[in-house]
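Here's the structure we're looking at; comments come further down.
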Amino acid sequence: MSSTPSAASQALVGAGVLVVGAVMAYGATFISSDAGYAGVGPNALPWLVSVVLMICGAWLVWEARSGGYREMEAPSGAPRADWHAVAWVIAGIVANASLITTVGFILSCALCFGLAVRGLRLAEGRPGGGLRRTVIDGATGMAIAAPVFWMFTQLLAINLPGLTASGWL
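Now the structure itself:
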């Protein structure tokens, strides 16, 4: 088995990025374009992201077709996926999606962060962490999620699910 991907698989990655950009552009057509603050409508960012993705996808396909990804380092890590580690990351995402309306944005994102970090540690071959590490990960997740929540709810007036009706948790 080669240590670098073939030109065909590299082109497939670029085509995948193109498809994601096209699907996002299609989805952006369903978002209202009524101008909001400063004349920018809610569909401006999805359009921008979809155009940039399609440019990047086209560039990746061109790179693959004109000699492959240049100066690409050999892949690092294990030859096979660590499904135990992946399960922790997936559990974090599913927990976030399932609990965000029940326990609020901050706590569900902190839980997602803690579970995902445990999975990433396991993927590196390090211990997942005991009680102390779990508490630190949860506190770090809350330290990241809380300012994001407050910025969106208090400064931008975008409603995110909270734990209390006060709008601060």
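The opening position of the sequence shown corresponds to residue 630 in my numbering, with each subsequent residue numbered one higher.
Just so it is clear, CB atoms sit at the ideal spot from N, CA and C, and this is done for glycine as well.
Within the stretch 756-783, the complete alpha helix (DSSP H) runs of at least 4 residues fall at 760-779. Between PHE742 and GLY770, the C-beta gap is smaller than 7 Å, which places the two residues in contact. Membership of ALA703 in any alpha helix (DSSP H) is not indicated, and neither H nor E is assigned to it by DSSP. In the structure shown, the three-state DSSP call for TYR655 is helix. By the neighbour-count criterion, in which a residue is buried when 16 or more other Cβ atoms sit within 10 angstroms of its Cβ, PHE659 is exposed. The residue from LEU789, GLY754, GLY721 and ALA772 with its alpha-carbon nearest to that of ASP711 is GLY754.
Of the other Cβ atoms in all chains shown, fewer than 16 fall within 10 Å of the Cβ of VAL652; this residue is therefore exposed. The C-beta separation of PRO671 from SER661 comes to about 6 Å, placing the pair in contact by the 8 Å criterion. When the Cα atoms are used, LEU736 and VAL715 turn out to be separated by approximately 21 Å.
Looking from the CA of ALA774, the closest CA among LEU760, LEU789, ARG761 and TRP688 belongs to LEU789.
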